[in-house]
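> The structure's right below; bear with me while I get my questions together.
4 protein chains.
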Amino acid sequence: MSPRTSKQFDRIRQEKKELIMETALELFAENGYHATSISQIAKKAGISKGLTYNYFESKKEILDKLITHGFDSIFESFDLNHDSVLTEEEFIHFIRENFRLLRENLKHWKLFFSLLLQPSVSDNFSKDYAEKGAPMFQMLFSFLKSQGSIDPEGDLMVLSAMLEGAFLYLIVAPEVFPMKIMEEKVINSISRLISTENNSTSKL
Amino acid sequence: MSPRTSKQFDRIRQEKKELIMETALELFAENGYHATSISQIAKKAGISKGLTYNYFESKKEILDKLITHGFDSIFESFDLNHDSVLTEEEFIHFIRENFRLLRENLKHWKLFFSLLLQPSVSDNFSKDYAEKGAPMFQMLFSFLKSQGSIDPEGDLMVLSAMLEGAFLYLIVAPEVFPMKIMEEKVINSISRLISTENNSTSKL
Amino acid sequence: MSPRTSKQFDRIRQEKKELIMETALELFAENGYHATSISQIAKKAGISKGLTYNYFESKKEILDKLITHGFDSIFESFDLNHDSVLTEEEFIHFIRENFRLLRENLKHWKLFFSLLLQPSVSDNFSKDYAEKGAPMFQMLFSFLKSQGSIDPEGDLMVLSAMLEGAFLYLIVAPEVFPMKIMEEKVINSISRLISTENNSTSKL
Amino acid sequence: MSPRTSKQFDRIRQEKKELIMETALELFAENGYHATSISQIAKKAGISKGLTYNYFESKKEILDKLITHGFDSIFESFDLNHDSVLTEEEFIHFIRENFRLLRENLKHWKLFFSLLLQPSVSDNFSKDYAEKGAPMFQMLFSFLKSQGSIDPEGDLMVLSAMLEGAFLYLIVAPEVFPMKIMEEKVINSISRLISTENNSTSKL
DNA sequence: GATGAATGAGTATTCATTCAT
DNA sequence: CATGAATGAATACTCATTCAT
Chain A
7 MSPRTSKQFD RIRQEKKELI METALELFAE NGYHATSISQ IAKKAGISKG
57 LTYNYFESKK EILDKLITHG FDSIFESFDL NHDSVLTEEE FIHFIRENFR
107 LLRENLKHWK LFFSLLLQPS VSDNFSKDYA EKGAPMFQML FSFLKSQGSI
157 DPEGDLMVLS AMLEGAFLYL IVAPEVFPMK IMEEKVINSI SRLISTENNS
207 TSKL
Chain B
7 MSPRTSKQFD RIRQEKKELI METALELFAE NGYHATSISQ IAKKAGISKG
57 LTYNYFESKK EILDKLITHG FDSIFESFDL NHDSVLTEEE FIHFIRENFR
107 LLRENLKHWK LFFSLLLQPS VSDNFSKDYA EKGAPMFQML FSFLKSQGSI
157 DPEGDLMVLS AMLEGAFLYL IVAPEVFPMK IMEEKVINSI SRLISTENNS
207 TSKL
Chain C
7 MSPRTSKQFD RIRQEKKELI METALELFAE NGYHATSISQ IAKKAGISKG
57 LTYNYFESKK EILDKLITHG FDSIFESFDL NHDSVLTEEE FIHFIRENFR
107 LLRENLKHWK LFFSLLLQPS VSDNFSKDYA EKGAPMFQML FSFLKSQGSI
157 DPEGDLMVLS AMLEGAFLYL IVAPEVFPMK IMEEKVINSI SRLISTENNS
207 TSKL
Chain D
7 MSPRTSKQFD RIRQEKKELI METALELFAE NGYHATSISQ IAKKAGISKG
57 LTYNYFESKK EILDKLITHG FDSIFESFDL NHDSVLTEEE FIHFIRENFR
107 LLRENLKHWK LFFSLLLQPS VSDNFSKDYA EKGAPMFQML FSFLKSQGSI
157 DPEGDLMVLS AMLEGAFLYL IVAPEVFPMK IMEEKVINSI SRLISTENNS
207 TSKL
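Protein chains in written order, with my numbering: chain A, 7 to 210; chain B, 7 to 210; chain C, 7 to 210; chain D, 7 to 210.
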């Protein structure tokens with residue numbers, strides 16, 4: 007007879023919010039933000055349309071929260087702020103971490119990639135993305151130099167492209183590009199990719 | 007005031023059709039298919055909404071025609087069907103051709119990438135894309151083998167990823183990744199990327 | 007920790023009810039009935055939405071109760087049912103009472119006026135309003151006759167209009183029409199407004 | 007077979023626009039802005055909901071256009087900018103004009119009055135209303151002085167109230183307050199209302 | 001008595017598509 | 001061939017009301 011405690015309410019709110027976000031993520035990633043309607047989200051989540059607005063101000067807010075949440079769970083899970091030079095081992099571990107995070111956040115990544123191609127959807131997604139990605143570039147760059155690259159800028163471009171491309175393939179066609187194999191091949195290629203005195207002259 | 011010949015009419019039809027498609031491509035690529043309305047297309051093209059339906063059955067058909075047309079203008083411009091083995095020089099030329107085509111069809115590529123991430127939009131876009139891309143994979147593969155790769159499958163994965171990633175960067179952030187530099191770096195990396203007896207053991 | 011007596015409960019109920027009504031009056035008067043939501047009322051009153059329905063059947067009932075209550079507190083505070091003829095002094099007192107009541111019930115009056123213009127909102131508000139106002143008309147009429155008006159019907163119209171208009175101005179733009187000054191001016195005009203043998207001929 | 011001329015389109019647009027505005031005015035005036043839905047307007051006008059948005063950006067814009075249009079057709083129909091002093095005859099004519107305009111724009115006036123009580127609905131309606139009304143106040147004031155009022159400010163208040171009140175009654179209960187009679191009575195009262203040396207001392 | 005999660009009907013608005021001219 | 005008025009279904013969002021606790 008007594009009303010629910012605020013703790014109970016908090017739990018309900020938390021659970022529902024997550025349910026909505028997960029459902030929305032699934033649909034946004036699969037069909038795109040614009041092609042996904044609140045009705046679809048509500049239906050799939052098994053709730054009423056109205057309830058969605060009990061938890062989120064707007065469809066846009068769901069997207070924004072998904073982005074923030076996605077960034078948090080992906081980028082902030084490893085500390086990229088230490089300046090120390092990575093050993094080969096540490097670097098490999100770092101790359102493997104990236105693959106692991108991709109594996110665990112496939113939907114988020116799919117959403118991110120689609121937003122990259124239409125940054126207008128979420129106003130400063132690109133900026134955030136660039137910011138979040140910057141430390142990674144920095145890390146790749148430092149590592150390349152520490153490994154004796156004679157053209158770290160160029161190597162960085164290629165290495166970044168390779169990683170980004172690998173990610174894209176894994177998201178778009180995971181059945182054609184098995185995650186684990188791709189991971190090994192990429193890791194295996196890194197050393198070869200670095201331009202050193204020895205290999206830089208060997209023009210293709 | 008002699009009546010226009012049917013030839014003239016045909017030309018007018020053809021021009022209008024192209025005008026609509028170009029305009030639609032621009033808007034689809036920039037804002038996405040769903041976020042672009044027929045009104046916007048018509049307005050930007052300087053024609054009436056109704057006229058659009060004189061040339062296309064539906065908004066979807068514009069997209070489909072764009073895809074087909076895009077594939078045609080991109081993939082079929084070089085003949086990928088010859089089985090002969092490519093020399094290094096021919097191969098480099100082939101890669102450069104790809105960059106050139108990207109440069110000339112940036113909008114198409116942007117559209118393609120966004121469709122890759124939302125294949126539902128155009129029902130069998132992914133299939134077409136895979137089909138059109140297959141000969142290229144084949145060519146990369148043959149080339150890798152001809153160059154003495156001891157793991158052509160693995161090298162193919164990495165090489166594909168690198169190219170796809172380069173393309174994505176060039177589309178999404180051309181100001182950060184200058185086209186020409188990227189092209190040189192990629193080409194320069196190919197030889198290093200191939201796993202041969204000499205370099206395969208060098209574990210990172 | 008003895009259980010509250012039913013008397014205490016009643017008092018709590020009464021207080022909550024009044025709290026809700028006051029809050030609703032404020033919002034209805036300021037923003038209109040339709041533009042005011044139950045959520046806003048509850049929030050402003052510091053209670054839950056649900057509780058509102060513990061005291062009122064519906065939003066409409068709050069309005070209706072406000073109207074009834076408003077009529078009660080305004081019209082029934084002075085006894086209009088005595089038939090005796092008013093002296094000048096008594097009449098002036100009566101008019102001053104009206105101004106006083108307006109001052110003390112500005113929100114109610116604002117609400118009343120807006121309902122007058124949209125009687126559909128509360129079904130028979132107009133009827134009630136006319137009924138409640140009737141004795142006042144009667145009183146004005148009797149007074150005008152007792153003062154020697156040779157056209158009491160006409161004078162009544164004008165006097166009513168002047169009073170209603172004064173009230174409207176005081177509600178809508180109290181800063182431009184200071185209450186006390188308006189009151190004096192209106193009272194001062196009443197005698198001049200009555201058409202007597204002496205002034206009726208003076209055509210404007 | 008040939009397309010409609012732009013003249014034909016213009017006429018259609020003009021007519022439909024007026025139809026929508028008239029219908030909206032009717033409903034806004036009767037039921038209020040918030041209580042009137044676009045569906046109702048469309049239904050009553052015999053058109054589809056969508057068409058409304060072919061002619062107006064939003065529901066709010068319909069209201070704003072109605073206000074502007076209403077002001078235009080009411081206030082600007084007589085020139086209030088001449089500074090010359092009005093004779094009695096001219097003044098009476100001016101007042102009669104006001105009643106005529108009220109008669110011809112009853113719905114507009116009803117809408118205006120309801121907006122007066124909820125200025126939030128249309129952001130700066132009150133300001134416009136005050137501005138448009140200012141010249142009329144000025145005219146009343148000048149006239150009162152020219153007629154020898156010894157308290158023109160006070161008389162102005164009362165006269166304004168009388169007019170505004172008369173208007174309100176005519177809008178709200180025209181069957182109880184017949185327009186023509188009210189008009190005569192008001193006009194007849196004006197001279198008596200002016201406080202002169204002769205009548206100012208006669209305290210009620 | 002009190003809470004706020006949940007619902008569903010309703011609202012303003014958009015947009016692909018049709019069609020008379 | 002060309003126009004844009006017209007439609008109707010769909011969309012994001014609101015809100016009075018219910019109800020389990």
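Glycine included, each C-beta is placed from N, C-alpha and C at the ideal position. All of these numbers come straight from a predicted model, not from anything done at the bench.
(1) Going residue by residue through the stretch 58-85 of chain C, where are the continuous alpha helix (DSSP H) segments of at least 4 residues, counting only ones entirely within it?
(2) Are any of the Cβ atoms in chain B nearer than 9 Å to that of A/Met142?
(3) Is it right to say B/Lys116 is buried, meaning 16 or more other beta carbons lie within 10 angstroms of its own, or is it exposed?
(4) Does DSSP put D/Pro158 in a helix, in a strand, or in coil?
(5) With distances taken between CB atoms, is the gap from B/His75 to B/Met27 smaller than 9 Å?
(6) Under 7 Å Cβ to Cβ from A/Lys50, same chain only, skipping five residues before and after it: list those, please.
(7) What is the C-beta distance between B/Gly212 and A/Gln124, in whole angstroms, given that I count them as a contact (C-beta under 8 Å)?
(8) Within 10 Å of its beta-carbon, does A/Ile18 have 16 or more other beta-carbons around it, so buried, or fewer, so exposed?
(9) Listed from N- to C-terminal order along the chain, which residues in the stretch 183-195 of chain A have their beta-carbon within a distance smaller than 9 Å of any beta-carbon of chain B?
(10) For the putative contact between C/Ser152 and C/Ile200, defined by C-beta atoms under 8 Å, what is the C-beta separation to the nearest angstrom?
(11) So that I know if they touch, is there some Cβ in chain A lying closer than 9 Å to that of B/Phe77?
(12) Determine the contact status of B/Asp70 and B/Ser128, defining contact as a CB-CB distance below 9 Å.
(13) Pick from D/Glu24, D/Arg109 and D/Leu121: whose alpha carbon is nearest that of D/Ile177?
(14) With 8 Å as the C-beta to C-beta threshold (strictly closer), list the residues of the stretch 110-125 of chain B near chain A in chain order.
(15) Tell me which residues share the same chain as C/Val91 and place their Cβ nearer than 7 Å to its Cβ, disregarding the 5 neighbours each side in the sequence.
(16) For the alpha helix (DSSP H) holding C/Arg198, just list the boundary residues, first then last.
(17) Specify the secondary structure class of C/Ala41 as computed by DSSP and reduced to three states.
(18) Since B/Phe143 contacts B/Ile73 with CB under 8 Å, what's their CB separation in whole angstroms?
(19) Is C/Asn104 helix, strand or coil when you go by DSSP?
(20) In angstroms, rounded to a whole number, what distance separates the CA positions of A/Phe119 and C/Thr58?
(21) Using DSSP with H/G/I as helix, E/B as strand and the rest coil, what is C/Gln153?
(22) Compute the Euclidean distance between the alpha carbons of B/Thr42 and B/Glu36, then round it to the nearest angstrom.
(23) Report buried or exposed for D/Phe97, applying the criterion of at least 16 other Cβ atoms within 10 angstroms of its Cβ.
(24) Counting only Cβ-Cβ distances shorter than 9 Å, please list the residues of the stretch 29-55 of chain B near chain A, keeping chain order.
(25) Within 9 Å of any Cβ in chain D, is that where the Cβ of C/Asn130 sits?
(26) Helix, strand or coil for A/Ser148, going by three-state DSSP, please let me know.
(27) Tell me which residues share the same chain as B/Phe173 and place their Cβ nearer than 7 Å to its Cβ, disregarding the 5 neighbours each side in the sequence.
(28) What is the DSSP secondary structure of A/Gly52, reduced to helix, strand or coil?
(29) Return helix, strand or coil for A/Ala179, following the three-state DSSP convention.
(30) Within a Cβ cutoff of 6 Å, which residues of the same chain sit near B/Phe15, ignoring the five residues on either side of it in sequence?
(31) Using a Cβ-Cβ cut-off of 9 Å, state whether B/Leu210 counts as contacting chain A.
(32) Using only the alpha-carbon positions, how far apart do B/Met188 and A/Met163 sit?
(33) Is it right to say C/Ile45 is buried, meaning 16 or more other beta carbons lie within 10 angstroms of its own, or is it exposed?
(34) How is D/Phe15 classed by DSSP in three states: helix, strand or coil?
(35) Taking 8 Å as the limit between beta carbons, can you name the residues of its chain near C/Ile102, skipping five residues before and five after?
(36) Does DSSP classify D/Glu203 as helix, strand or coil?
With the given structure in hand:
(1) Within the stretch 58-85 of chain C, complete alpha helix (DSSP H) segments of at least 4 residues are found at 65-81, given in chain order.
(2) Numbered from its first residue, the first sequence carries residue 142 of chain A at position 136. No, its Cβ sits nowhere closer than 9 Å to a Cβ of chain B.
(3) Taking the second sequence and counting its residues from 1, the one referred to as residue 116 of chain B is at position 110. Under a 10 Å Cβ-count criterion, B/Lys116 is classified as buried, with 16 or more other Cβ atoms of the shown protein chains found around its own Cβ.
(4) Numbered from 1 along the fourth sequence, position 152 holds the residue referred to as residue 158 of chain D. When DSSP states are grouped into helix, strand and coil, D/Pro158 belongs to the helix group.
(5) Against the second sequence, residue 75 of chain B aligns to sequence position 69. Against the second sequence, residue 27 of chain B aligns to sequence position 21. Going by C-beta atoms, B/His75 is nearer than 9 Å to B/Met27.
(6) Taking the first sequence and counting its residues from 1, the one referred to as residue 50 of chain A is at position 44. Once the five neighbours on either side are set aside, the close Cβ partners of A/Lys50 are Thr29 and Leu33.
(7) Outside the displayed range of chain B (7 to 210) lies residue 212 of chain B, so it cannot be described from this structure.
(8) The sequence position of residue 18 of chain A within the first sequence is 12, counting from 1. It counts as exposed.
(9) Residues are counted here when their Cβ sits less than 9 Å from a Cβ of chain B; for the stretch 183-195 of chain A these are Phe183, Ile187, Met188, Glu190, Lys191, Val192, Ile193, Asn194 and Ser195, given in chain order.
(10) Translated into the one-based positions of the third sequence, residue 152 of chain C becomes position 146. Translated into the one-based positions of the third sequence, residue 200 of chain C becomes position 194. Wrong, their Cβ atoms sit about 10 Å apart, outside the cutoff.
(11) Position 71 of the second sequence, counted from the first residue, corresponds to residue 77 of chain B. Judged by the 9 Å Cβ criterion, B/Phe77 is not in contact with chain A.
(12) Taking the first residue of the second sequence as position 1, residue 70 of chain B is located at position 64. Taking the first residue of the second sequence as position 1, residue 128 of chain B is located at position 122. In this structure, B/Asp70 sits near B/Ser128, with a CB-CB distance shorter than 9 Å.
(13) Along the fourth sequence, read from residue 1 onward, the residue named residue 177 of chain D stands at position 171. Closest option to D/Ile177, Cα to Cα, is D/Arg109.
(14) Residues passing the 8 Å Cβ filter: Lys116, Phe119, Ser120, Leu122, Leu123 and Gln124.
(15) On the third sequence, position 85 is the one that residue 91 of chain C refers to. The answer, listed in chain order, is Ser148 and Ser152.
(16) The residue given as residue 198 of chain C occupies position 192 in the third sequence. Note, C/Arg198: alpha helix (DSSP H), Met185 to Leu199.
(17) The residue labelled residue 41 of chain C in the question sits at position 35 within the third sequence. Three-state result, C/Ala41: coil.
(18) Taking the second sequence and counting its residues from 1, the one referred to as residue 143 of chain B is at position 137. Taking the second sequence and counting its residues from 1, the one referred to as residue 73 of chain B is at position 67. Contact flag wrong, Cβ pair sits at about 20 Å.
(19) Against the third sequence, residue 104 of chain C aligns to sequence position 98. Helix, per DSSP.
(20) The residue given as residue 119 of chain A occupies position 113 in the first sequence. The residue given as residue 58 of chain C occupies position 52 in the third sequence. A/Phe119 and C/Thr58 have their alpha carbons spaced roughly 48 Å apart.
(21) Against the third sequence, residue 153 of chain C aligns to sequence position 147. In this structure, C/Gln153 counts as coil in the three-state DSSP scheme.
(22) Within the second sequence, residue 42 of chain B is the residue found at index 36, counting from 1. Within the second sequence, residue 36 of chain B is the residue found at index 30, counting from 1. B/Thr42 and B/Glu36: Cα-Cα distance of roughly 9 Å.
(23) As a first step, residue 97 of chain D must be located in the fourth sequence, where it is residue number 91. So D/Phe97 ends up on the buried side.
(24) Residues Ala35, Glu36, Asn37, Gly38, Tyr39, His40 and Ala41.
(25) In the third sequence, counting from the first residue as 1, residue 130 of chain C sits at position 124. No - not a single Cβ of chain D is within 9 Å of the one on C/Asn130.
(26) As a position in the first sequence, residue 148 of chain A is number 142, starting the count at 1. Of the three classes helix, strand and coil, the one that applies to A/Ser148 here is helix, per DSSP.
(27) Here residue 173 of chain B refers to the residue found at position 167 when the second sequence is read from its first residue. So the list reads Leu108 and Trp115, once near-sequence residues are dropped.
(28) In the first sequence, the residue the question calls residue 52 of chain A occupies position 46. A/Gly52: coil per DSSP, three-state reduction.
(29) Indexing the first sequence from 1 puts residue 179 of chain A at position 173. Three-state result, A/Ala179: coil.
(30) Walking along the second sequence from the start, residue 15 of chain B turns up at place 9. Answer for B/Phe15: no residue qualifies.
(31) Start at 1 with the first residue of the second sequence, and residue 210 of chain B comes out as number 204. Because the pLDDT of B/Leu210 is 47, which lies under 50, any placement of that residue in the model is unreliable, and the number read from its coordinates should be weighed accordingly. At least one chain A Cβ lies under 9 Å of B/Leu210.
(32) Here residue 188 of chain B corresponds to residue number 182 of the second sequence, with the count starting at 1. Here residue 163 of chain A corresponds to residue number 157 of the first sequence, with the count starting at 1. Their Cα atoms are separated by approximately 7 Å.
(33) Within the third sequence, the letter at position 39 stands for residue 45 of chain C. Residue 45 of chain C is actually Ser in this sequence, not Ile. The residue is exposed, with fewer than 16 neighbouring Cβ atoms inside 10 Å.
(34) For the purposes of this step, residue 15 of chain D is taken as residue 9 along the fourth sequence, with counting starting at 1. Three-state DSSP puts D/Phe15 in a helix.
(35) If you number the third sequence from 1, residue 102 of chain C lands on position 96. Here residue 102 of chain C is Arg; the residue named in the question, Ile, does not match the sequence. These residues qualify, in order along the chain: Glu189 and Ile193.
(36) Working through the fourth sequence from its first residue, we reach residue 203 of chain D at position 197. In the structure shown, D/Glu203 sits in coil (DSSP, three-state: anything other than H, G, I, E or B).
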